[in-house]
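Okay, structure first, notes after.
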Amino acid sequence: MKIETFLFGGVEVDPDRVISFPDGLLAFESNKRFMLIHEAEKGAPVSYTLQSLDDSTVAFQIIDPAALGFAYELELSDQDNAKLGAPNPDDLVVMQLLFKREEGGSPNFGANIRAPLIINTKARIGIQKVIERPRPNITISNLSSAV
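Going by the working numbering, the letters in the sequence shown line up with residues 275 to 421, in that order.
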């Protein structure tokens with residue numbers, strides 16, 4: 275299957291690489307099927323594009339929190355584990371959504387640390403886990419070259 279995206283033009287979708295988010299993402303609940311895209315010629319990716327397969331105009335930049343020197347210690351509820359397919363912890367990855375802010379004429383990138391994505395890489399199922407306790411977003415000024 276091939277889809278037209280606003281960022282990459284025509285992209286071939288490998289059904290074995292589709293990630294399902296049964297509840298969608300916050301404010302994008304109708305988008306439930308995604309695939310990760312990165313430009314292979316740039317080497318190991320720092321950030322990925324999480325492209326919706328339900329709406330070709332919806333895409334997010336995501337990053338491994340370790341690339342930012344950040345680590346999560348999350349407790350998953352029984353409901354979270356059920357949505358993720360009762361995963362082996364080794365099959366889980368945590369990713370952060372990035373956002374871009376224009377401040378003072380130059381772009382800054384931030385990461386939403388209160389609502390990380392948790393993906394079962396084996397089952398290709400993900401959730402967005404909202405962390406209730408208040409924490410600030412972090413801003414990354416030197417990430418623009420990586421994104």
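No residue lacks a Cβ here, since even glycine has one placed at the ideal position from N, Cα and C.
Would you tell me roughly how many angstroms separate the C-alpha atoms of L310 and D297, rounded to the nearest one? 18 Å
Who are the Cβ neighbours of M369 in its own chain at under 7 Å, not counting the five residues just before and after it? I336, I337, D338, P390, L391, I393
Beta-carbon proximity list for N362, same chain, < 8 Å, skipping 5 on both sides: K396
Helix, strand or coil at L310 according to DSSP, with G and I counted as helix: strand
Which of the three DSSP states is assigned to A360 in this structure? Correct three-state label for A360: coil.
From D288 to L348, what distance separates their C-alpha atoms? 31 Å
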